[in-house]
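> Numbering (the UniProt record's numbering), first residue to last: 1 to 145. Every residue, glycine too, gets a C-beta built ideally from N, C-alpha and C. Structure in structure tokens, see below.
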């Protein structure tokens with residue numbers, strides 16, 4: 001399995017355009033940073049679309065790290081983001097592995113049926129304050145979709 005920062009650099013051009021940087025990556029937790037200067041809007045805050053992409057990529061990365069047998073065959077099925085406060089500087093996205101029951105269920109489905117679904121939550125921080133909360137459902141498969 002390719003390290004997540006290399007995978008993102010090779011296959012996700014939008015992450016490069018927004019200058020997103022993996023700060024931490026493990027099966028338990030993923031942290032990705034979005035620099036303000038590449039993601040600001042005319043209000044001098046971080047653009048909501050950049051936050052949505054950051055959260056989606058962050059959560060996707062957590063699924064990628066937990067299910068190497070999917071070989072990157074992971075797609076977003078649905079997502080929702082709630083913007084709580086403006087972000088006037090860099091934003092850090094943090095996703096933490098869901099409880100073991102959900103992980104085990106997804107692993108069983110992937111093993112038995114070749115496909116599984118998983119819900120991941122991501123929180124976005126600016127200056128240690130939560131500015132957005134994101135939830136998304138992913139579908140993963142051992143074979144190409």
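For the region 89 to 100 and the region 117 to 136, state whether three or more C-beta atom pairs, one from each stretch, are separated by less than 8 Å.
yes
> Return the Cβ separation of residue 135 and residue 51 in integer angstroms, given the expectation that the two are a contact with Cβ distance under 8 Å.
Locating residue 135 in the chain shown gives position 135, where the first residue counts as 1. Locating residue 51 in the chain shown gives position 51, where the first residue counts as 1. Rounded, the Cβ-Cβ distance is 13 Å, inconsistent with contact.
> Rounded to a whole number of angstroms, what is the C-alpha to C-alpha distance between residue 108 and residue 6?
As a position in the chain shown, residue 108 is number 108, starting the count at 1. As a position in the chain shown, residue 6 is number 6, starting the count at 1. Whole-angstrom Cα-Cα distance: 28 Å.
> By how many angstroms is the C-alpha of residue 116 removed from the C-alpha of residue 69?
Looking up residue 69 in the chain shown gives position 69. Looking up residue 116 in the chain shown gives position 116. Cα to Cα, residue 69 sits roughly 12 Å from residue 116.
> Quick one: what's got a C-beta closer than 8 Å to residue 73's C-beta in the same chain, skipping five residues either side?
Along the chain shown, read from residue 1 onward, the residue named residue 73 stands at position 73. Closer than 8 Å at Cβ, skipping near neighbours: 140, 141, 142, 143, 144, 145.
> If we ignore side chains and look at the alpha-carbon of each, how far apart do residue 77 and residue 118 end up?
Within the chain shown, the letter at position 77 stands for residue 77. Within the chain shown, the letter at position 118 stands for residue 118. The straight-line gap from Cα to Cα measures roughly 10 Å.
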